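Numbering that gives the first Met the number 0 puts the first residue of the sequence shown at 0, with every later residue one more than the last. Structure first, commentary second.
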Amino acid sequence: MQALNHSPWTNRIGLPFFHLAAFLGIATVSPNLMVVAIGAFLYTLRGFGITVAYHRLFTHESFRTSRPVAFILAFFGGLAGQGAMSWWVYRHRAHHRYTDREGDPHSPRMGGFLHSHLGWILKRSAPVDIAGEDLLRAEWPVELRILDRWMPTLFLAQGALLYFAGGLPLLVWAYFVPTVLSWHFTFLVNSLCHLLGDRPFDTQDDSRNNYYFAAIMFGEGWHNNHHAWPKNARLGLRPLQLDLGYYFIKALEFFGLAWDLVEKTESEIRNSVKRYSRDTTGEPPAPAPEPLIEKRA
Ligand SMILES: [Zn+2]
Ligand SMILES: [Zn+2]
0 MQALNHSPWT NRIGLPFFHL AAFLGIATVS PNLMVVAIGA FLYTLRGFGI TVAYHRLFTH
60 ESFRTSRPVA FILAFFGGLA GQGAMSWWVY RHRAHHRYTD REGDPHSPRM GGFLHSHLGW
120 ILKRSAPVDI AGEDLLRAEW PVELRILDRW MPTLFLAQGA LLYFAGGLPL LVWAYFVPTV
180 LSWHFTFLVN SLCHLLGDRP FDTQDDSRNN YYFAAIMFGE GWHNNHHAWP KNARLGLRPL
240 QLDLGYYFIK ALEFFGLAWD LVEKTESEIR NSVKRYSRDT TGEPPAPAPE PLIEKRA
């Protein structure tokens, strides 16, 4: 499956196929309340899997949890069809290390909107990326290494299972449509959230807080906040900055399932004297990137 995961043709064929299936499905298969409800439920589960497990737990180590909870969260993330977790985490760490400069896999500044939105995933993985993913995986417990290898299969099996359970309506409205929607919301973090929105923190990149998308992106739209202090479990720093991913982690903490949350407030981040340090050696991204905040004179 790793070969499949790294072939550019997986995305070059898979992306148009899923879009076509979703559009044809919307045009020809009528939804009912049941399939829409299941689709919304699965969309939410997968969304939490991406923001809580892939992003905040495994990329940034914003909190700690037990092996079973980490596995379950990663499993939900795998259902979103955003690739194996090692693939995702490695590239997102590269994005933080080289934000909006040479080495950033998806910067609009380097390649334009379309490249940062989805063009970059149609390109072949460099050997250094594949080696970096292997290093990442080696740090994980055995159950996560196995899950990681089978994530693309798991994602496809999910589609087959939904089809057998509820036929075309369930396949279209709980699989193709929510998958394509969730892809684009994630893509928008990489494209639009580096182009449009406010920049309350003067980071040395183009990251922006995008109010319109923050809520449906499970809090990921507070992207300038995130670049200011990537390790923070909390992306929405103000009471009105809705951040569903953070609330989910707080709920886990309430039930004793998550601990050691990194919870910097806006003023703590602003008062930080930590300088934006960037590695220019061209080495693969470090396992846990340091919080990055710039102080401009
Ligand atoms: Zn970014
Ligand atoms: Zn991040």
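Beta carbons: idealized from backbone N, C-alpha and C, even for Gly. Please read these numbers as outputs of a predicted model, since none were measured by experiment.
8 Å contact criterion, which residue i and residue j should meet: CB distance rounded
i    : j    : result
P151 : A83  : 7 Å
P168 : N31  : 7 Å
G196 : N208 : 5 Å
A73  : L161 : With 8 Å as the limit, A73 and L161 do not qualify as a contact, their Cβ atoms being about 20 Å apart.
F154 : L243 : Their Cβ separation, rounded to whole angstroms, is 22 Å, which puts F154 and L243 out of contact at 8 Å.
I215 : R55  : I215 to R55, Cβ: 17 Å. No contact.
R45  : S85  : Not a contact, Cβ separation roughly 18 Å.
F186 : L117 : 5 Å
A213 : W221 : 5 Å
T58  : V28  : Not really, about 36 Å apart at Cβ, beyond 8 Å.
L104 : R90  : Leu is not the amino acid found at residue 104; the sequence shown has Pro there. Indeed, because the Cβ distance is near 5 Å, the residues count as touching under 8 Å.
P238 : N223 : Not a contact, Cβ separation roughly 18 Å.
A173 : V34  : 6 Å
H18  : S115 : In fact, because the Cβ distance is near 18 Å, the residues do not count as touching under 8 Å.
A93  : G102 : 6 Å
Limits of the unbroken alpha helix (DSSP H) element including residue i
i    : result
T50  : Here T50 belongs to no alpha helix (DSSP H), and DSSP marks it neither H nor E.
Q157 : V141 to L170
Y174 : No alpha helix (DSSP H) contains Y174, which DSSP labels as neither H nor E.
D349 : Here the chain comprises residues numbered 0 to 296, so residue 349 is not present and cannot be evaluated.
T9   : P7 to T27
S85  : M84 to R96
R237 : Here R237 belongs to no alpha helix (DSSP H), and DSSP marks it neither H nor E.
L56  : Here L56 belongs to no alpha helix (DSSP H), and DSSP marks it neither H nor E.
P107 : P107 to H116
Residues that residue i bridges to, as DSSP identifies them
i    : result
T264 : According to DSSP, which records beta bridges pairwise, T264 is partnered with nothing at all.
W221 : N208
A257 : T64
D197 : N208
**OP:** Kindly provide the chain-ordered list of residues whose Cβ lies closer than 6 Å to any non-hydrogen atom of ligand 2.
**Re:** H54, T58, H59, H91, H95, H225 and P229
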